[in-house]
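Residue numbers (this note's numbering), protein chains in the order written: chain A, 19 to 146; chain B, 19 to 146.
All C-beta atoms, glycine included, are put in the ideal place defined by N, C-alpha and C.
Quick caveat, the model's predicted, so the values are computed rather than measured.
There are 2 protein chains.
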Amino acid sequence: MSKSELTVIDQTADACCSPMVREPLDETAAVDLARMFKALGDPVRLRLLSLIASFEGGEACVCDLTGPFDVSQPTISHHLKVLREAGLVDSERRGTWVYYWVLPPALAKLSSLLQAPAEAPSPLGDAR
Amino acid sequence: MSKSELTVIDQTADACCSPMVREPLDETAAVDLARMFKALGDPVRLRLLSLIASFEGGEACVCDLTGPFDVSQPTISHHLKVLREAGLVDSERRGTWVYYWVLPPALAKLSSLLQAPAEAPSPLGDAR
DNA sequence: CGTCTATGTTGACATCCGTCGATCCAGGAG
DNA sequence: CTCCTGGATCGACGGATGTCAACATAGACG
């Protein structure tokens, strides 16, 4: 589950050179990537991810995450599960509490994929 | 809405906009961003976006987009509408055909938002 | 052991989403 | 004008999704 010794993960390996604006995604890649983007496609999950990442130490206990939201605790638990199954975060039980942290390579992969083209010459000179 | 008309986006600067891993997203921003990510959370839409962007000239006619997919033409039209309403692409009728092109600032916005933290401070760095 | 707290799981329910066939609208060609 | 073609819209249907209350599970602690 949780890799106990993630040292320095090479984010550039699978993340650097494949902006989707350069060449068309093949179907299998699209399915895989869409799963990650879909996990980000919910306001609660987006805030959860942001909240976890911005916690000091880069990790947060679930007890710190249920407060800021209007939804119930099981719902938070559900969203955390979605984020984890999407490969965006990982978690570990440590005594009484369960801690979550973001997996930077996953974010980096999506980020580089969305790298915009140099500039698309708008066909109308951007006046539309 | 989006007032950014930047032509050249500095993709190298990770301090550019506001990575969500630095500070928690507020709710309204999360709702707005989630709408865009949700639009990317479908394999067909992801491939559509990629296909449009990688077309020569940065734009593509709908007639070029219906072929590579197994879904019907109304479905493609539906997905294009979702992408357009999410602010990721724009379109224009030009004579008989309708052309779509990607809006780079939108992609850049999401990309910079996902900029990963410097590096994961291993949560298991020390036994506790 | 028993109990309390912190999380995850289950089942149910309402809503949303992707998909299709049928239809409608806008332009170009006769 | 009429016909044809590219594309959008409509209405419907099945499956996925977000949410909750209720219950289950795992440690901590007495």
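- In chain order, 69, 70, 117, 118, 119 place their CB closer than 8 Å to the CB of residue 78 of chain B, counting only its own chain and leaving out the 5 sequence neighbours on each side.
- The beta-bridge partner set that DSSP reports for residue 107 of chain A consists of A:120.
- Taking a Cβ-Cβ cut-off of 8 Å, residue 90 of chain A has no neighbours in chain B, whose nearest Cβ is about 17 Å from it.
- Just so you know, the alpha carbons of residue 101 of chain B and residue 114 of chain A end up roughly 44 Å apart.
- Under the three-state reduction of DSSP output, residue 78 of chain B falls in the strand class.
- Per DSSP, the continuous alpha helix (DSSP H) segment holding residue 68 of chain A begins and ends at 61 to 72.
- For residue 100 of chain B, the nearest beta carbon of chain A is not closer than 8 Å to its own beta carbon.
- In summary, the residues of the region 54 to 72 of chain A whose CB is separated from some CB of chain B by less than 9 Å are 54, 55, 56, 57, 58, 59, 60, 61, 62, 63, 64, 65, 67, 68, 69, 70, 71, 72, in the order they occur in the chain.
- Chain B places a beta carbon closer than 8 Å to that of residue 49 of chain A, counting this residue as a contact.
- Counting C-beta pairs closer than 8 Å gives fewer than three between the region 89 to 108 of chain B and the region 40 to 49 of chain B, which falls short of the contact rule.
- In the three-state DSSP reduction, residue 102 of chain B falls in the helix class (H, G or I).
- According to DSSP, residue pairing for residue 112 of chain A in a beta bridge involves A:115.
- In the three-state scheme derived from DSSP, where H, G and I count as helix and E and B as strand, residue 90 of chain B is classed as coil.
- Within a 10 Å sphere around the beta-carbon of residue 86 of chain B sit fewer than 16 other beta-carbons, which makes this residue exposed.
- Residue 126 of chain A is positioned such that its CB atom lies no closer than 8 Å to that of residue 53 of chain A.
- The beta carbon of residue 108 of chain B sits closer than 8 Å to those of 102, 118, 119, 121, all from its chain and outside the five residues before and after it, given in chain order.
- Distances from the alpha-carbon of residue 59 of chain B to those of A:82, A:61, A:55, A:60 put A:55 closest.
- It is roughly 19 Å from the alpha-carbon of residue 129 of chain A to the alpha-carbon of residue 76 of chain A.
- In the same chain as residue 84 of chain B, and ignoring 5 residues on each side of it, the C-beta atoms closer than 6 Å to its own belong to 91, 94, in chain order.
- Distance from the CA atom of residue 72 of chain B to the CA atom of residue 112 of chain A, rounded to whole angstroms, is 47 Å.
- Under the 8 Å criterion on CB atoms, residue 52 of chain A is classed as interfacial with respect to chain B.
- In this structure residue 106 of chain A is in contact with residue 124 of chain A, their Cβ atoms being roughly 5 Å apart against a cut-off of 8 Å.
- In chain order, 61, 65 make up the part of chain B whose C-beta sits under 8 Å from the C-beta of residue 45 of chain A.
- In this structure residue 57 of chain A is not in contact with residue 64 of chain B, their Cβ atoms being roughly 14 Å apart against a cut-off of 8 Å.
- Put simply, the backbone Cα of residue 81 of chain A is about 41 Å away from that of residue 96 of chain B.
- Take residue 62 of chain B, set aside five residues on each side of it, and the residues of its chain with a beta-carbon closer than 7 Å to its own are 87, 89, 97, in chain order.
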